[in-house]
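Here's the structure, in structure tokens; my notes come after.
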Ligand SMILES: Nc1nc2c(ncn2[C@@H]2O[C@H](COP(=O)(O)OP(=O)(O)OP(=O)(O)O)[C@@H](O)[C@H]2O)c(=O)[nH]1
Ligand SMILES: [Mg+2]
Ligand SMILES: [Zn+2]
């Protein structure tokens with residue numbers, strides 16, 4: 022048995038669920054997404070779920086089907102052990118990447134997450150450019166990013182690595198830990214509490230499952246030694262899974278990702294690269310690509326040593342991916358438009374509030 026609050030239910034989902042409730046559906050949260058079936062948590066306990074024919078038929082885009090962390094409207098049968106999934110409740114947040122195949126489509130990694138632990142190992146895996154890529158995706162998701170540097174036992178200069186991460190953005194949360202000698206683990210607990218969902222992402226072999234097992238207090242997830250030849254992981258975790266912690270809070274384990282292509286808007290990219298935005302408004306051309314234009318303030322800043330060469334190169338790479346997406350799908354233009362209007366509405370509200378004072 023679960024209570025919904027423990028599973029992360031709140032006013033947002035209560036509102037979104039209202040019409041489903043009227044239709045007599047129960048609320049469930051997706052814990053595991055397999056190819057054709059799901060493990061669903063409901064107030065009645067665990068159930069195996071399948072999508073209704075109508076849901077499958079009416080859904081054009083795979084990213085709109087249930088994913089780990091999603092809230093869904095279900096009807097239960099067989100002693101509440103089976104569930105038909107009728108609808109996916111509007112998501113509060115979602116972490117996505119561009120699907121690894123040739124198609125320009127979205128792949129949702131996890132839904133309704135509050136925090137993402139971006140895990141890197143303090144061995145050869147440590148890579149600032151990859152971190153900038155993940156970070157942009159997390160900003161896009163709406164969740165809070167926390168950088169978790171694991172395997173501190175293998176690293177003689179942990180502080181240097183932390184300050185390198187802080188150089189991306191000073192206010193970024195960075196925690197160095199070792200799942201092996203258990204140092205720093207207590208610093209992870211500050212993010213965990215009842216109803217909060219945390220997703221772990223990062224390359225294969227960085228220790229995501231090992232860390233989750235440690236926090237769970239049991240060997241729930243399989244883990245595997247990395248290859249000695251090139252320090253790469255063996256892709257041990259093969260599906261996404263949400264688990265509940267004994268003292269409250271939820272963690273989502275994900276398979277290590279080989280590539281992580283952008284499914285992000287320019288404004289999420291700007292959050293990772295704060296200073297670029299500041300310079301870019303000074304560029305002579307509004308659609309400046311910051312590569313060759315005269316009057317480009319970004320290039321000027323690069324020349325003046327205000328922007329690091331490596332960071333500039335990665336920005337351009339990600340910027341190119343974002344631009345490509347914008348030309349292939351109007352989703353991001355829509356999102357930006359929505360965000361703009363949301364801000365305008367906020368401004369209007371604030372204006373009238375101030376006036377009333
Ligand atoms: N030295 C050291 N090894 C660690 C640490 N944490 C995990 N490992 C080892 O790293 C290897 C990979 O760990 P996993 O937890 O399977 O990695 P993962 O990120 O879940 O990998 P995938 O499931 O393939 O994505 C295992 O042999 C762990 O014992 C650590 O803090 N220090
Ligand atoms: Mg794993
Ligand atoms: Zn420019």
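Numbering (the working numbering), first residue to last: 22 to 378. Backbone N, C-alpha and C fix where the C-beta goes; we use that ideal spot for every residue, glycine too.
(request) Given a cut-off of 8 angstroms, decide if residue 106 and residue 261 are closer than it, judged by their beta-carbon atoms. (result) no
(message) Among the candidates 47, 41, 315, whose CA atom is the shortest distance from the CA of residue 23?
(response) 47
(message) Nearer than 7 angstroms: is that true of the beta carbon of residue 322 relative to any heavy atom of ligand 3?
(response) no
(message) Does residue 171 pass the burial test, meaning 16 or more other C-beta atoms within 10 Å, or should it be called exposed?
(response) buried
(message) Taking a contact to mean a Cβ-Cβ separation below 8 angstroms, would you say residue 258 touches residue 281 in this structure?
(response) no
(request) Express the C-alpha separation of residue 145 and residue 296 in angstroms, rounding to a whole number. (result) 28 angstroms
(message) Just to confirm my understanding: we take residue 237, look at its own chain, exclude 5 residues before and 5 after, and list those with CB closer than 7 angstroms. What are they?
(response) 264, 266
(request) Please list, in chain order, all residues of the same chain as residue 70 whose beta carbon is under 6 angstroms from its beta carbon, the five residues on each side excluded. (result) 59, 61, 104, 106
(request) Enumerate, from N- to C-terminal direction, the unbroken alpha helix (DSSP H) stretches of 4 or more residues contained entirely within the stretch 171-219. (result) 179-189, 207-210
(message) In whole angstroms, give me the CA-to-CA distance for residue 324 and residue 188.
(response) 19 angstroms
(request) Could you give the DSSP three-state label for residue 228: helix, strand or coil? (result) coil
(message) For residue 160 and residue 225, I'd like the C-alpha separation in whole angstroms.
(response) 22 angstroms
(message) So within the stretch 24-97, which uninterrupted alpha helix (DSSP H) runs reach at least 4 residues, ignoring any that extend past its ends?
(response) 32-43, 74-79
(message) Taking 8 angstroms as the threshold (C-beta atoms), are residue 206 and residue 169 in contact?
(response) no
(message) Any heavy atom of ligand 2 inside 7 angstroms of the beta-carbon of residue 242?
(response) yes
(request) Give me the Cα-Cα distance between residue 151 and residue 289, rounded to the nearest whole angstrom. (result) Just so you know, the alpha carbons of residue 151 and residue 289 end up roughly 15 angstroms apart.
(message) Using the Cβ count rule (16 or more neighbours within 10 Å means buried), how would you classify residue 141?
(response) buried
(request) Please report how far the alpha carbon of residue 174 lies from the alpha carbon of residue 202, in whole angstroms. (result) 7 angstroms
(request) Report all residues from its chain with a CB closer than 8 angstroms to the CB of residue 233; omit the five preceding and five following residues, and keep chain order. (result) Cβ-Cβ distances below 8 angstroms link residue 233 to 221, 241, 242, 264, 272, 274 in the same chain, with the five nearest sequence neighbours on each side left out; the list follows chain order.
(message) Below 7 angstroms, is the gap between the Cβ of residue 258 and the nearest heavy atom of ligand 2?
(response) Residue 258: yes, Cβ under 7 angstroms from ligand 2.
(message) Quick check: does the Cβ of residue 429 come within less than 7 angstroms of any heavy atom belonging to ligand 3?
(response) Nothing can be reported for residue 429: it is not among the residues displayed for the chain, which extend from 22 to 378.
(request) Look up residue 145 in the DSSP assignment and say whether it is helix, strand or coil. (result) coil
(request) Just the C-alpha distance for residue 199 and residue 181, rounded to the nearest angstrom, thanks. (result) 16 angstroms
(message) I'd like to check one pair, residue 256 with residue 277: are the Cβ atoms closer than 8 angstroms?
(response) yes
(request) Kindly identify the DSSP beta-bridge partner or partners of residue 132. (result) Residue 132 is bridged to 115.
(request) Taking only the alpha-carbon atoms, compute the straight-line gap between residue 126 and residue 119 and give it to the nearest angstrom. (result) Cα to Cα, residue 126 sits roughly 6 angstroms from residue 119.
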